[in-house]
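Engineer: If you scroll down you'll find the structure; I have some questions about it.
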DNA sequence: AGGGATGATTGGAA
DNA sequence: TTCCAATCATCCCT
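Residue numbers (this note's numbering): 13 to 356.
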């Protein structure tokens, strides 16, 4: 049975509808049950078409009569079915979209940066690590860090506020459209499926707006990040005291200038820098010393003397305080004039 | 301004 | 992962 036939069959209930009968379903039933000749479907359609030619009152009355007709649900259901099979099904195929990879990428990025998702260490932890590696005085890095964190928090706040606004607008609009369509479904054939589809369309539209929001948020984070990372490049030399502490350790452990993790932590604490900065410093120092031992000889001698004097002071204090002590027993430091071991 | 010094980064090896 | 070696980027002295 094709759609046309089905429609006609579905409409047979309305056949024989006459102006006088409209609004009186009983008379239709009576006519049907009595097997009265049924009018052609064309008559009804003509009556509907003719509504526009009638006076407003007449048209209203006829519309009302048609709306109240007991076969209306059947008619609407058939029309909905036809609609479903033609226009909507074509559109439905076209609009079925897979999860957008672009939006997934944006979501992942926002999550990783700590902008979306629950408040967490994410971006701020990364910022902390970067700021810690930024060098310079601890005050500088903490200023940069808090600055970065504050800006990120600001972005996060704006993002969530906007997102909430969009979501609210979306649900309000969806409700409005749904109510409207439900209302209209009394006067024109609208299936629940069609309403569902309309809701999906609205959500798609809003999600494309959301994508724009996500995109611009990502851009803002990237700009902030690049500015922050650029700042990281602006290194400061360690202060004199820190360099001295590091050099002292280096030259007093010249035979094995590889501080343990604990030693690095202690040096970092003493110098007010991070452990990775200590590692960087030792890495640079080893390679530069090895490349030009001659150039560093003077410096090495200087620290050797300093170390020796310190050691002497320590042992003098020890011998004063206690019984006679072995020279240098109070320090682990080695005499630093030897070459680096074969590790280098 | 130029150049050396120095802290950070990167890629590869162990 | 740690270290080396090369390199980059910036500082800072002359």
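Each residue gets a CB set at the ideal place from its N, CA and C atoms; glycine is no exception.
Secondary structure at residue 271, three-state DSSP: helix, strand or coil?
Structural biologist: If you number the first chain from 1, residue 271 lands on position 259. Residue 271: coil per DSSP, three-state reduction.
Engineer: Using the C-alpha atoms, what's the distance from residue 73 back to residue 66?
Structural biologist: The residue labelled residue 66 in the question sits at position 54 within the first chain. The residue labelled residue 73 in the question sits at position 61 within the first chain. In a straight line, the C-alpha of residue 66 is about 10 angstroms away from that of residue 73.
Engineer: Assuming residue 70 contacts residue 203 (C-beta within less than 8 angstroms), just tell me the rounded distance between them.
Structural biologist: Within the first chain, the letter at position 58 stands for residue 70. Within the first chain, the letter at position 191 stands for residue 203. Actually they do not touch by this definition, with Cβ atoms about 30 angstroms apart.
Engineer: Report yes or no: do three or more beta-carbon pairs, one from the segment 269-289 and one from the segment 313-321, lie closer than 8 angstroms?
Structural biologist: Output reads no: the segment 313-321 does not touch the segment 269-289.
Engineer: Quick check on residue 284: does DSSP put it in helix, strand or coil?
Structural biologist: Along the first chain, one-based indexing puts residue 284 at 272. The answer is coil: DSSP assigns residue 284 none of H, G, I, E or B.
Engineer: For residue 78, report the span of its alpha helix (DSSP H) as first-last.
Structural biologist: Taking the first chain and counting its residues from 1, one reaches residue 78 at position 66. Counting along the chain, the alpha helix (DSSP H) containing residue 78 begins and ends at 68-80.
Engineer: What does the Cβ neighbour count give for residue 301, buried or exposed, with the cut at 16 atoms within 10 Å?
Structural biologist: The residue you call residue 301 lines up with position 289 of the first chain. Label assigned to residue 301: buried.
Engineer: Hey, how far is the Cα of residue 263 from the Cα of residue 279?
Structural biologist: Position 251 of the first chain, counted from the first residue, corresponds to residue 263. Position 267 of the first chain, counted from the first residue, corresponds to residue 279. Approximately 14 angstroms, taken between the alpha carbons.
Engineer: Can you tell me whether DSSP reads residue 264 as helix, strand or coil?
Structural biologist: Working through the first chain from its first residue, we reach residue 264 at position 252. Of the three classes helix, strand and coil, the one that applies to residue 264 here is helix, per DSSP.
Engineer: Report the option in 193, 179, 224, 256 whose CA atom is closest to the CA atom of residue 116.
Structural biologist: Walking along the first chain from the start, residue 116 turns up at place 104. With distances taken between Cα atoms, residue 116 lies closest to 224.
Engineer: Considering just the uninterrupted stretch of the alpha helix (DSSP H) at residue 89, what are its terminal residues?
Structural biologist: One-based indexing of the first chain puts residue 89 at position 77. From DSSP, the alpha helix (DSSP H) with residue 89 extends over 84-95.
Engineer: May I ask which residues mark the beginning and end of the alpha helix (DSSP H) holding residue 202?
Structural biologist: Locating residue 202 in the first chain gives position 190, counting from the first residue. It is not in any alpha helix (DSSP H) - residue 202 carries neither H nor E in the DSSP assignment.
Engineer: Throw me the rounded Cβ distance for the residue 283 and residue 257 pair, which I believe falls under 8 angstroms.
Structural biologist: The residue you call residue 283 lines up with position 271 of the first chain. The residue you call residue 257 lines up with position 245 of the first chain. Rounded, the Cβ-Cβ distance is 5 angstroms, consistent with contact.
Engineer: Helix or strand or just coil, what does DSSP make of residue 250?
Structural biologist: Position 238 of the first chain, counting from 1, holds the residue named residue 250. Coil.
Engineer: Under three-state DSSP, which class holds residue 129?
Structural biologist: Locating residue 129 in the first chain gives position 117, counting from the first residue. If DSSP states are grouped into helix, strand and coil, residue 129 belongs with coil.
Engineer: Which first and last residues belong to the alpha helix (DSSP H) in which residue 369 is found?
Structural biologist: It is not possible to answer for residue 369, since the shown part of the chain is limited to 13 through 356.
Engineer: Using DSSP with H/G/I as helix, E/B as strand and the rest coil, what is residue 197?
Structural biologist: Locating residue 197 in the first chain gives position 185, where the first residue counts as 1. Coil at residue 197, not helix or strand.
Engineer: Compute the distance between the beta-carbons of residue 233 and residue 167, then report whether it is under 8 angstroms.
Structural biologist: Here residue 233 corresponds to residue number 221 of the first chain, with the count starting at 1. Here residue 167 corresponds to residue number 155 of the first chain, with the count starting at 1. Against a cut-off of 8 angstroms, the Cβ pair of residue 167 and residue 233 comes out as a contact.
Engineer: Grab me the residues of residue 208's own chain with a C-beta within less than 7 angstroms of its C-beta, minus the 5 sequence neighbours each way, in chain order.
Structural biologist: Position 196 of the first chain holds residue 208. If we look at residue 208 and ignore the five residues flanking it on each side, it has no Cβ neighbours.
Engineer: What's the C-alpha gap between residue 228 and residue 308?
Structural biologist: Along the first chain, read from residue 1 onward, the residue named residue 228 stands at position 216. Along the first chain, read from residue 1 onward, the residue named residue 308 stands at position 296. Distance between the alpha carbons of residue 228 and residue 308 is about 52 angstroms.
Engineer: Give me the Cα-Cα distance between residue 83 and residue 196, rounded to the nearest whole angstrom.
Structural biologist: As a working note, residue 83 is residue 71 in the first chain. As a working note, residue 196 is residue 184 in the first chain. One C-alpha to the other measures close to 18 angstroms.
Engineer: Whole angstroms are fine: how far does the CA of residue 191 sit from the CA of residue 185?
Structural biologist: Taking the first chain and counting its residues from 1, one reaches residue 185 at position 173. Taking the first chain and counting its residues from 1, one reaches residue 191 at position 179. The alpha-carbon atoms of residue 185 and residue 191 are separated by roughly 10 angstroms.
Engineer: By how many angstroms is the C-alpha of residue 254 removed from the C-alpha of residue 121?
Structural biologist: Taking the first residue of the first chain as position 1, residue 121 is located at position 109. Taking the first residue of the first chain as position 1, residue 254 is located at position 242. The straight-line gap from Cα to Cα measures roughly 38 angstroms.
Engineer: For residue 174 and residue 164, I'd like the C-alpha separation in whole angstroms.
Structural biologist: For the purposes of this step, residue 174 is identified with residue 162 of the first chain, where counting begins at 1. For the purposes of this step, residue 164 is identified with residue 152 of the first chain, where counting begins at 1. So the two alpha carbons sit approximately 15 angstroms from each other.
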